[in-house]
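A.B. asks:
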Amino acid sequence: MKDKVLHAEEFAEVMDAFFDHLGTDLDFLARGVPTREAALEGALAQMAAQMAGRELELLEMRLLRLPEFQMAHGLLFFAGLLGVVLIFEDIGMGVLALGEAEMRGPTMYGRFKFVALERPQGLPN
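Take any residue in the sequence shown, note its place counting from 1, add 552, and you have its number in the working numbering.
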């Protein structure tokens, strides 16, 4: 999946691979640790607004981190829109899918790069 994030020209392939192989694996999903990253929320909300071509208010973000896989996945809720994000910490890249909550219109995809700042020891995720 990481190779797809790095090289895919169609980002739907990345999401399809996740849902086909991991998104329905209950053991994998149960390993996720809920986490909150305010800076990441802000950056993803801004990216979603750019993709949608209008201002969006992030209502809620649910992010699960899987430290042993150096990845995170989650949902972003906006008024009328739903986002799905996959983040690969070890390669500093991720993919955001954004579509209408009712699944009527097209899904938009975007790939992003990031630099993870090291967390001081003792701080929670």
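From the three backbone atoms N, C-alpha and C, an ideal C-beta is built for every residue, glycine too.
Counting C-beta neighbours from all protein chains within 10 Å, is the total for ARG606 16 or more, i.e. buried, or is it exposed?
C.D. replies: exposed
A.B. asks: Cβ atoms of ARG617 and MET645: under 8 Å apart, would you say?
C.D. replies: no
A.B. asks: Is it true that the CB of LEU648 sits closer than 8 Å to the CB of GLY635?
C.D. replies: Closer than 8 Å, so yes.
A.B. asks: Any idea what DSSP makes of PRO619, helix, strand or coil?
C.D. replies: helix
A.B. asks: Select from GLU561, MET603, THR587 the residue whose C-alpha is nearest the C-alpha of PHE630.
C.D. replies: MET603
A.B. asks: Which of helix, strand or coil does DSSP assign to GLY674?
C.D. replies: Interpretation of GLY674 is limited by its pLDDT of 46, a score under 50 that renders its predicted location unreliable; the figure taken from the coordinates is listed afterwards. DSSP, reduced to helix, strand and coil, places GLY674 outside both helices and strands of the structure shown, so it counts as coil.
A.B. asks: Could you check if MET655 is buried or exposed, using at least 16 other CB atoms within 10 Å of its CB as the buried criterion?
C.D. replies: exposed
A.B. asks: Of all the options MET599, ARG614, GLU561, PHE563, which has the alpha carbon lying nearest to the alpha carbon of GLY584?
C.D. replies: ARG614
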